[in-house]
Amino acid sequence: MQETIKYWRGVEELNNTPEFQKHAHNEFPEFLPVSEANGGDSSSPVAPRRDFLKLLGFGVAAATLASCESPVRKAIPYLHKPEEVEPGIPNWYASTYFMGDIYNPVLVKTREGRPIKIEGNNLSPITQGATHARSQASLLNLYDNNRLKGPVAKKQPTSWEKIDQEIRTRLTGVQGRVVLVSNTIISPSTKTVIREFGAQFPAFEHVTYDANSASALLRANGGVVPGYDFSKARTIVSIGADFLGTWISPVEYSKQYIVNRKVTADRPVMSRHFQFESFLSMTGANADVRIPIKPSEYSAVVAAIYNRVAAGTGGTPIQAPNTAYAKQVERAATELLASRGAALVVSDSNDPAVQTLVTAINTALGANGTTINTAVPSFVRQGDDARMLRLINDMNNGAVGAVIFYGANPVYDHPLSQQVVNGLKKVGVKISFADREDETAAHVDYICPDNHYLESWNDFEPKRGFLGLAQPTITPIFNTRQAQDSLLKWTGSTTDFYTVIQRTWSGIVGGGAAWDRAVHDGLATGTTGANEPTAPAAPLTLAAAAVSINRGGRAGKGTELVIYEKVAIGAGQHTNNPWLQEMSDPTTKATWDNYVTISSAMANQLGVEQNDMLRVTANGKSIELPALIQPGQAQGTIGIAIGYGRTHAGQAGNNVGANVYPLVTVAGDSLIFANNVEIAKAGGDRPIAQTQTHHTVMGRIVVQESTLAKYQKDPKSVTEYVRIATPDGPQKPQKVSLWQDYEYKNHHWGMVIDLNSCIGCGTCTVSCQIENNVAVVGKQEVLNRRDMQWLRIDRYYSSDATREDGGFEKMENPSENPQVIFQPMLCQHCNHAPCETVCPVAATMHSTEGINQMVYNRCVGTRYCANNCPYKVRRFNWFNYANNEKFDYQMNNDLGKMVLNPDVTVRSRGVMEKCSFCVQRIQYGKLEAKKDGRRPKDGEIVTACAQACPTNAIIFGDMLDPNSQISQILKREQGERAFHVLEELNTQPNVTYLTKIRNLA
Amino acid sequence: MISCKKRAKYTFLLPFLLIFFVISSAFAQTPEQSQTGTAGVTPGAETPAAGGGGAADAALIENGQTLFKNNCTQCHSVGSDVVVGPGLRDVHKRRNQAWLLKWIKNSSALIQSGDKDAVAVFNQYNKQQMPSFAFSDDELNSIIAYIKSASETPENVQSAPNEGPERAEAGKNVGTDAVGSVGGYVDLLLVVLVVVLIVLVATLLIIAAVLKNYLKSKGDLTGAEQEMLERRTNFANIYKSKAVRVIVGLIVVVVLVDISIDKVMGIGIHQGYAPRQPIAFSHKLHAGDHQINCNYCHTSVYKSSSANIPSANICMNCHSQIKKESPEIQKIYRAIENNKPIEWIRVHNLPDLAYFNHSQHTKVGGVECQTCHGPIETMEVVAQYSPLTMGWCIDCHRNTPLNTEGNAYYDNLVKLHEKQSKGAFVVASNGGTECSKCHY
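Sequence order for the protein chains is A and B.
Converting from the first sequence to the working numbering requires adding 1 to each position, the first position being numbered 1.
Converting from the second sequence to the working numbering requires adding 1 to each position, the first position being numbered 1.
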C-alpha cells in the first residue's frame, strides 16, 4: 500500500503555530468591506467610507460597461399559426356588453389574440355605435388578477371534476327549495338553461333582483321597461331619472336624446328638458330647467303634474298634497300639454305610486305609440324586490335547501345584508358563480368562477324584437367555466351552451350562413319571447296611488339622503376597475372615493368644510364619509353613491369609500333609494381627489353659451369673437402674428367639439386612456394634481355674481342651482403652438398634417412646454408608472399589461406626454388607403374619443378634404357657433368648439 | 511672454488640423453613405404591374403568373412533373373551374365533403394536405388562366425554371454590385491620387537634384551659399521642433477623441450581428438556390407591420416530404411533438420607441427586402446588414423618391410638388422625416 503523500500549505502549517490554527478554518479573514454599521472605531472590521465609495464607483462603472452589451432577444413564432391571426394586424369581433346594467353591442379589437379595445357596434339599431364608459372599461375586468384562477370548494382550490361531482351529489340530496339568485338576465338561452336545470328539482325558483332596482317602474308597466324614445320627444320631464348617465339604458337614451338637442341655423329647434331632482346628476346638468327637490317631494310633484295634465286632457284628477314647486310644475305641465304626442315623463323613483302616476301622465299625453314605442318594450330590468325580500325571509326560516348566486352579490348590495348572511347559514348547499371571492361568495361552499363576457358565448334580447350575441374573443385566461356550461353539466346535459344558443336562434335567424352573419354582426332581429314577463305584479290603481301619495309619511324632519349611482362605478360590479375608479365623475369631478354631497348652505349650517368627515346615520346603521360641497344639491338633502365600500372586490376596489346600501329604505315590498338620516360631524377629514377644483369660468369666454331664442333670431349673434386693437382698428388675432403660417398639402387634421351635444359622460376620457396606454396614478397622485389623462372634461358652473358685484373673488362661487356646461379639453394642436417654441430640445414639433407632435425619446423633461401651454393639457410622467409597485394597477403585472396597445409607447419617467390626435390611428388609416391606392375615406380615420362618443359631439377629420363632415360643419358654423378657446392668444388651434345653445324657458 | 507668443503662433494651425480631420472623416464616411444612398434608391423590382397596355388577357395571365410564382411553385410546376403536389399542366382540362376554386380555397373541406376526385388526389399524393389560400375568385381565375397559357406553350418545362435565376441575378446586381461599384470608384480615385503624388514627389526630387548639380557645377558660389547647398536635412531638428510636437500631439488627441466618439456612438448598433440560431436555417439555400419567395414564409410582410417569422406548420408544408431525415429538420419535428415553439434569436432589434411598419415599405414603397436586409439570399446565417440607426432611416427618407406611380393617394400631391419644386418627390417631401411618423 502506497503511503499518501502529504503537502503542507506552508511552514506555518508544518509548524502548526497558534496563529495558523486560529485562521485555519477562516479562509477569507475579512468579509467584503461593506457594512451597514457605522465604523466609528477604527479597529472594528467595518469598512471605511472611502472603500465604500470605491466599490460604489467600481460597481457603477462595471454596470455601465456591462449594460453596453444588449441582451439577446428572442423571436418566438407560433407553432401552428391560427389562420385568422396575423401578427401586427388587428382582428375585430362583434360582441355585447351587459353586466346586469347597460346593454351595449360592441366591437372588440384584438391583437395577436388578446382584446385591447372596445368600440361601439354601428350596426345596432338600439345604440347605433355608441358606448358607455363602463362598457369601454369592462375590458380591464378581463385582465383582473383578483379573479379566481379555478374552482374553489370550501375555500380550497379544487378541480372541475371534483367540484362537479360534489355539487351534483349535494344537489340530488337537497332538502327544500332550490333557488337561483341573479341580476337581470336578458339572455334567452341562459333562461332556457336555468329552466332545464330547475326542472330536475321538485321545487325550484329563479329570483331576480337588481342592486339599483326598477321594481316600481316594472310594476307600473306590466313587468317591462317602456320602450322610451327620447328622439321623438320635444318636451322631456324627468323626476330624478339620470337617463343620460346611469338609468336603465343610458347609451340608448343618450343617442335618442341628442337627436333633438343638436341645432343648426337651418333647423334651430330643440327639445326642452325639465329635471326635478335632489342631487345634481349628469342628466340634470344637461337639463334646460333644473329644479332641485327633496326625494320626499317627488310624489307631490308627480301628482301635481298629473293633475295639471289630467285637467288639460280631460282625465280624472286625484287628490294631491300641496307642492312648494307649483310654479315650476305649472310651467313643465303646460309645456307637456303643448307638445302632446311628443312629450315624455320619466322617473327613477322606486315608489310604485309615483311610477303609476308617471305611466298615467304618459298615457294622458299620448306618449304611447309616439315617445314610447309600445311594441318594443325593454327587458334590461327584471328585478323584483318583493321576491328577493321573500327569499331572504325564507332562507332565515330554513325553507331554502340550496341557493345559487349568478351575477348577484346580495351580501354587499342588498340593504338587508345581515339577514342574507344569517339566512345563508341555514341553507344547505350554497354555490356562487362569482368571478372572484366577493362578499357573497365568501359565505358559500362552492365557487365555480364564471368566464368574463369576452371569453364567453352568450345571447341577449334587450328589447322585444332585437337580439344580440356575444362571442369569445380570447380563450379563458384562467381555469374558469361559463356559468351556463356549469348549469348544463349539473343538469346532466352533454351539450354545451354554444349549442343551446344555436338552437335558440335557429328558429329565428336560421342556421348556416344566416347564423354566421349573426355572429359576424353580433346582432339580429327577431324575438324569442323568453323575456316576456310571466306573471307581473298587478299595477296600483290610480286611487291606490293617490292614497299612498297622500299618506306621505316619509317626508319628515331632518335631512334626506338620496342614494344615487355613479356613471363610472355603477352598482358595484366595476369597483375593482382602476380606469373607472380614476375616471372623474361628470359633475363632482371626484375620483377614487364616494362622499356626502351637501349644499353649501347646509355646510355653513353644520360648520362643515369640504373634505370634513361626516357621520350619516339611518336604519340604526351609520357610515362615515367626507363632505363634498355640491352646487345644485337640493336644500335639506345629501347624496351618497352606491358601488363603494367593497371589502372583497380586489386590490383596487377594496375599502375605497363606504357602502351606502345598508341605508336604503325597505318599505314594505319595495326598496326606496332615499332615507331620512341624521348627519353629524365625525371629526377629522379625508381629502377627496378631484380633478377640477375651480368651478366657474370667472367671466372669461373660455367656454361659450347662448340661448335658443337668440340663436333663432340671429345665428351670428351667439358667439363672441375676440378682436385685438391695432393701429388699423380692431382686428382678428390671426392678423397680428409673429409667426409664419404652415402650409398643409396632404392632410390637415382637425376636430370639432359641439358643446351642445356634449353631455359630459366621460366615455371619451376612458376610451382615450385605453387607446393610448395612459397610466392610472391613484388617489394620492390625483390629489397632487398629477393625473395623466390626455383628455379631460372641464365642468363649469354658472355664477350669480358678475364682476361689478365684488370682483373675481365672488365670481368664484357657483350659484346655489347653477347651470352647468361641459367642455372636453385636450391638446388643441395649435398651428402657432406656444409649447413648440419653448422646447430646448425640439421634442415637440409641428407636423405637415397639422399635428403637434410629442417625441418621448427626445424629451428631457424640462416641462417648459407644460408651463407655456395655455390649455394645460400636457401631462408629465413624474414616475415610472409601469413596472412600479407603488402604482400597482394594470401596468405592474403581466396579466394587466396584456391590455396595452402595442402601437403606442409606454412612457417612462421624466417625459412629457399629451394627446396625439391618436396619431397611430391616423398612420394606420393612411397606410390602409395607400395600400389600396386611394385617398382615405371620411370617417375611416377617427380618434378614440370621437369613436367612443355616444352623442357624436366630437367630430374628427381632414379639414383639407372639402367633402368631409368636419369641413362641412366648419363651413356652416364659421361666424355662427364655431370658436376657438383663448383665441386672443393667436394659438390658432386645430380644435374648434361650437357654442352651447340652451333652450331656456 | 515669449512662450505665449510662440503658442499664439501655432494656434493658427488648429483650424487647419480640424479641417484635415473633418475632410478625412468625411472621406471615411463617404463609401458608407453612398452605399445606403444607392441601395435606398433602388426601385422595387416587383412594383405592382400597372396593366401593361395590351389586352386584358395578357394582364390576367401576367397577374396569374406572379401569383403562381409567389404561392404555388413551392409545390407545383406548370409542367407534368411532380414537385410535392402534381404538375398542373392541363389541369383545367382535367377538372372543372368550380372544383378547382373550391379545392384551392379549402382542400381539406372538399376532401371531408367526400368528393371522389378530391379524395383520390389526396390519397395519390401521400395524404399531403394542401394549405388553404384566401384568394379571391378573380385571382384564382388569373392563376388558372396562367396555367392554361403555360400548358399551351410546349416549351414551358424549359422556360419556367430559367426565368427564376435570371430574376434573382438582377436582384443580386441591385444588392451588391451597385454597392461595390461605388466603393471601387472611390478606391480608384485614391489610387490615382497616390500615384500622382508619388510622381509629383519624384519629379520634385529630380528637379532638386538637377538644380543642385547645376549649382555645384557653377563653382562661383560664396561660402555661405556653399554651406547652404551642402546642408543636409537634420531630422533631429524636426523632432525637436515645438511646432511639430504640438501638431503631432494635437493629431494624436484628435484621433483619440474621434475614435472614442465613434466607439461610443456605436454602442447599441449591431451591424453585422449574426447570432447562431437554434436551427441552422439557411436563407442561401431557400431564398437563393431554391428561389422561394420571401413572402411564402414571411407571410405578413406585405400586409402587416411585422414580417412574421414563419410558424412551424409553414416549414411542414414542404418538409413533411423533403429532407425529413436531416437533423436540423428533426428539430422542427421535435418542436411540434413537444408543442414547444422554436425560440429564434432576434437579429434585427429596433428600440421600442421606434415604430416600423413593413407593409408601408414593401407594399406601398415597393422597397426590396434586400435594400435593408442586404443580400439575404446569399446568407447562410442571417446577419444584420444595415446599422438600423435613425440616421440611416432618415438618410434613406431624404434620398428615396416616393413610389407614387399608380397610387391615387399621391396623385394630387405629386402635382402640387411638381408645381412648387424641381427636386425629386422624396419621402421627406411628404413629411417622411417628421417625428410622429415613427415615434408615438
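Built from N, CA and C at the ideal position, the CB exists for glycine as well.
Note that the coordinates shown come from a computational prediction; the quantities given were computed from them, not determined experimentally.
*Using a Cβ-Cβ cut-off of less than 7 Å, list which residues of the region 845-867 of chain A approach chain B; keep chain order.*
Met846, Ser848, Thr849, Glu850, Ile852, Gln854, Val856, Tyr857 and Asn858
*Using a Cβ-Cβ cut-off of less than 8 Å, list which residues of the region 745-767 of chain A approach chain B; keep chain order.*
Per Cβ criterion, the list reads Lys746 and Asn747.
*Can you say whether His284(B) is buried or exposed, counting buried as having 16 or more other CB atoms within 10 angstroms of its CB?*
Locating residue 284(B) in the second sequence gives position 283, where the first residue counts as 1. The residue is buried, with at least 16 neighbouring Cβ atoms inside 10 Å.
*Candidates Arg804(A), Ala642(A), Arg687(A) and Tyr307(A), of which the one nearest Pro627(A) by Cα*: The residue you call residue 627(A) lines up with position 626 of the first sequence. Pro627(A) has its Cα closest to that of Arg687(A), out of Arg804(A), Ala642(A), Arg687(A) and Tyr307(A).
*With a 10 Å radius around its C-beta and 16 neighbouring C-beta atoms as the bar for buried, classify Tyr240(B) as buried or exposed.*
Sequence index remark: in the second sequence, residue 240(B) carries index 239 (1-based). Tyr240(B) comes out exposed.
*In the DSSP assignment, find the alpha helix (DSSP H) that holds Cys200(A) and state where it starts and stops.*
Taking the first residue of the first sequence as 1, we reach residue 200(A) at position 199. Before going on, a small fix: residue 200(A) reads as Ala here, not Cys. Residues Pro189 to Ala200.
*Three-state secondary structure (DSSP) at Lys1(A)?*
Nothing about residue 1(A) can be read from this structure; chain A reaches only from 2 to 1002.
*Pick helix, strand or coil for Lys915(A), following the three-state DSSP scheme.*
As a working note, residue 915(A) is residue 914 in the first sequence. Three-state result, Lys915(A): coil.
*Contact with chain B by Glu87(A), beta-carbon distance below 9 Å*: Stepping through the first sequence from its first residue, residue 87(A) is reached at position 86. Yes, Glu87(A) lies at the interface with chain B (some Cβ there is under 9 Å from its Cβ).
*What is the residue span of the beta strand (DSSP E) that Arg552(A) lies within?*
Walking along the first sequence from the start, residue 552(A) turns up at place 551. Looking at the DSSP string, Arg552(A) is not in any beta strand (DSSP E); the run it does join, the alpha helix (DSSP H), is Leu543 to Arg552.
*For Ser43(A), is the classification buried or exposed, using 16 other Cβ atoms within 10 angstroms of its Cβ as the cut-off for buried?*
By 1-based counting over the first sequence, the position of residue 43(A) is 42. Low per-residue confidence applies at Ser43(A): pLDDT is 46, beneath 50, and the placement is therefore not dependable, though the value from the model is reported in the following sentence. Exposed, since its Cβ has fewer than 16 Cβ neighbours within 10 Å.
*Leaving out five residues before and five after Asn480(A) in sequence, what residues of the same chain have Cβ atoms less than 7 Å from its Cβ?*
Locating residue 480(A) in the first sequence gives position 479, counting from the first residue. Lys150 and Gly151.
*Should Ser917(A) be flagged as near chain B, meaning a C-beta pair shorter than 9 Å?*
Taking the first residue of the first sequence as 1, we reach residue 917(A) at position 916. With 9 Å as the cut-off, Ser917(A) counts as an interface residue toward chain B.
_Tyr798(A) vs Met826(A) beta-carbon contact at 9 Å_ = Position 797 of the first sequence holds residue 798(A). Position 825 of the first sequence holds residue 826(A). Not in contact: Tyr798(A) and Met826(A) (Cβ atoms no closer than 9 Å).
*asked:* Does the CB of Lys75(A) have a neighbour CB from chain B at under 9 Å?
replied: Here residue 75(A) refers to the residue found at position 74 when the first sequence is read from its first residue. At least one chain B Cβ lies under 9 Å of Lys75(A).
_Could you check whether the Cβ of Ile280(B) sits closer than 9 Å to any Cβ belonging to chain A?_
For the purposes of this step, residue 280(B) is taken as residue 279 along the second sequence, with counting starting at 1. By this cut-off, Ile280(B) is not an interface position.
*Which runs of the beta strand (DSSP E) fall wholly inside the region 430-487 of chain A and span at least 3 residues, in chain order?*
430-433, 459-464 and 467-471
*CB-CB under 6 Å to Pro450(A), same chain, minus the five flanking residues each way: which ones, in chain order?*
In the first sequence, counting from the first residue as 1, residue 450(A) sits at position 449. Here the set comprises Leu149, Asp436 and Thr481.
*With Ala95(A) as the anchor, note down where its beta strand (DSSP E) starts and where it stops.*
For the purposes of this step, residue 95(A) is taken as the residue at position 94 of the first sequence. The continuous beta strand (DSSP E) containing Ala95(A) extends over residues Asn92 to Tyr98.
_Cut-off 8 Å between Cβ atoms - residues of its own chain near Gly86(B), not counting five sequence neighbours on either side_ = Taking the first residue of the second sequence as position 1, residue 86(B) is located at position 85. For Gly86(B), where only same-chain residues beyond five positions count, the Cβ hits under 8 Å are Cys76, His77, Tyr126, Gln129 and Met131.
*Delimiting residues of the alpha helix (DSSP H) encompassing Lys243(B)*: As a working note, residue 243(B) is residue 242 in the second sequence. Note, Lys243(B): alpha helix (DSSP H), Lys243 to Met266.
*What is the rounded straight-line gap between the Cα of His415(A) and the Cα of Ile643(A)?*
Start at 1 with the first residue of the first sequence, and residue 415(A) comes out as number 414. Start at 1 with the first residue of the first sequence, and residue 643(A) comes out as number 642. Roughly 11 Å separates the two Cα atoms.
_Chain-ordered chain B contacts of Lys931(A) [CB-CB under 7 Å]_ = Position 930 of the first sequence, counted from the first residue, corresponds to residue 931(A). Chain B residues near Lys931(A): Val365, Asn408 and Tyr410.
*Just mark Arg978(A) as buried or exposed, buried being the case when its beta carbon has 16 or more other beta carbons within 10 Å.*
Start at 1 with the first residue of the first sequence, and residue 978(A) comes out as number 977. Classification for Arg978(A): buried.
*Please determine, among Arg465(A), Val445(A), Ala471(A) and Tyr447(A), the residue with the shortest C-alpha to C-alpha distance to Glu456(A).*
As a first step, residue 456(A) is located in the first sequence; it is residue number 455 there, counting from the start. Out of Arg465(A), Val445(A), Ala471(A) and Tyr447(A), Ala471(A) has the C-alpha closest to the C-alpha of Glu456(A).
*Quick one: measure Cβ to Cβ for Pro296(A) and Gln634(A), integer angstroms, because I've assumed they're closer than 8 Å.*
For the purposes of this step, residue 296(A) is taken as the residue at position 295 of the first sequence. For the purposes of this step, residue 634(A) is taken as the residue at position 633 of the first sequence. Not confirmed; about 12 Å, so no contact.
*Are any of the Cβ atoms in chain B nearer than 9 Å to that of Thr560(A)?*
In the first sequence, the residue the question calls residue 560(A) occupies position 559. For Thr560(A), the answer is no, since every Cβ of chain B falls outside 9 Å of its Cβ.
*Which bits of chain B does Asp904(A) rub up against, with CB to CB less than 9 Å?*
For the purposes of this step, residue 904(A) is taken as residue 903 along the first sequence, with counting starting at 1. The answer, in chain order, is Ser306, Tyr356 and Tyr441.
*Quick one: what does DSSP say Gln574(A) is sitting in, helix, strand or coil?*
Residue mapping note: residue 574(A) aligns to position 573 of the first sequence, counting from 1. In this structure, Gln574(A) counts as coil in the three-state DSSP scheme.
_With a threshold of 8 Å, are at least 3 pairs of Cβ atoms found where one atom belongs to the region 56-72 of chain B and the other to the region 269-284 of chain B?_
no
_Which same chain residues end up closer than 7 Å to Thr863(A) when comparing Cβ atoms and leaving out the 5 residues on each side of it in sequence?_
For the purposes of this step, residue 863(A) is taken as residue 862 along the first sequence, with counting starting at 1. Answer for Thr863(A): Pro841, listed in chain order.
*In chain order, what residues of the same chain have a beta carbon less than 6 Å from the beta carbon of Ser188(A), not counting five sequence neighbours either side?*
On the first sequence, residue 188(A) is found 187 positions in, with the first residue counted as 1. Taken in chain order, the residues that qualify are Asn459, Asp460 and Phe461.
*So, does the CB of Val900(A) fall closer than 9 Å to a CB anywhere in chain B?*
Along the first sequence, read from residue 1 onward, the residue named residue 900(A) stands at position 899. It does not: the Cβ of Val900(A) has no partner Cβ on chain B nearer than 9 Å.
*asked:* Would Phe980(A) and Thr720(A) be called neighbours here (beta carbons separated by less than 9 Å)?
replied: Counted from its first residue, the first sequence places residue 980(A) at position 979. Counted from its first residue, the first sequence places residue 720(A) at position 719. A contact, by the Cβ cut-off of 9 Å.
_Would you call the region 359-368 of chain A in contact with the region 169-185 of chain A, where contact means no fewer than 3 C-beta pairs closer than 8 Å?_
no
*Under the assumption that Pro378(A) contacts Ile127(A) (Cβ atoms under 8 Å), give the Cβ distance between them as a whole number of angstroms.*
In the first sequence, residue 378(A) corresponds to position 377, counting from 1. In the first sequence, residue 127(A) corresponds to position 126, counting from 1. With a Cβ gap of about 13 Å, Pro378(A) and Ile127(A) do not count as contacting.
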